[in-house]
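Notes follow the structure.
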Amino acid sequence: MSENNKAVVRRLIEEVWNKGNVSLADELFTPNYEHRDASTPDFGRGPEGEKKRATLYRTAFPDLRLTVEDIIAEGETVVTRWSCRGTHKGDLRGIAPTGRQINISGVTITRLEKGKLAEGFVNWDALGLMQQLGVVPELAKTKAQAASTR
Numbered sequence: 139m140s141e142n143n144k145a146v147v148r149r150l151i152e153e154v155w156n157k158g159n160v161s162l163a164d165e166l167f168t169p170n171y172e173h174r175d176a177s178t179p180d181f182g183r184g185p186e187g188e189k190k191r192a193t194l195y196r197t198a199f200p201d202l203r204l205t206v207e208d209i210i211a212e213g214e215t216v217v218t219r220w221s222c223r224g225t226h227k228g229d230l231r232g233i234a235p236t237g238r239q240i241n242i243s244g245v246t247i248t249r250l251e252k253g254k255l256a257e258g259f260v261n262w263d264a265l266g267l268m269q270q271l272g273v274v275p276e277l278a279k280t281k282a283q284a285a286s287t288r
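Set out below in structure tokens:
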């Protein structure tokens, strides 16, 4: 069962996130799938919410590429450590395209039911994303600038 569940998560990453085949979400997610991630908007439950989430990021980063760094499964739980690269070429919730390259990482803990994704807990470097886009200054640079004005 664990290997099958890892295959479902890999399919999600490759097909939905990397290739943009968001319609596959209907097959991969339970109708009441719940996504738990304080860094992204709440798009509701189920496949429709996940289609909206993937579309948001794939629109902002059309060359988005997630890479599975580690994947571990036990029973119905799959833990995935991943990295993500892309170029900011589209609007990201009001942030105009910057053309900047991003490289972030995160961890997702997924619970499956009968071979479908039922719940996901995601923790990723949202601050790093905002710093790479130039929306939030990097603390070290801010401190250096403050010290040079003294």
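With the working numbering applied, the sequence shown corresponds to residues 139 to 288, in that order.
Beta carbons are placed, not taken as given, at the ideal position from N, Cα and C, and that holds for glycine.
Distances from the CA of residue 179 to each of 248, 255, 244 and 264 were compared; the closest alpha carbon is that of 264. Non-local beta-carbon contacts of residue 236 in its own chain, meaning distances under 8 Å to residues more than five positions away in sequence, involve 226, 271 and 272 in chain order. For residue 236, no pairing in a beta bridge is given by DSSP. Across the set 158, 184 and 161, the C-alpha of 184 shows the shortest separation from the C-alpha of residue 168. The shortest CA-to-CA distance from residue 177 to any of 195, 206, 165 and 149 is the one to 195. Remark: fewer than three beta-carbon pairs, one from each stretch, lie closer than 8 Å, so the region 204-222 and the region 158-173 are not flagged as touching. Rounded to the nearest whole angstrom, the CA to CA distance from residue 162 to residue 200 is 18 Å. Residue state for residue 212 is assigned as strand, using DSSP reduced to three classes.
Between residue 142 and residue 244, the CB-CB gap reaches or exceeds 8 Å. Of all alpha-carbon atoms in 205, 152 and 228, the one lying nearest the alpha-carbon of residue 242 is that of 205.
Within the region 164-202, the complete alpha helix (DSSP H) runs of at least 4 residues fall at 184-198.
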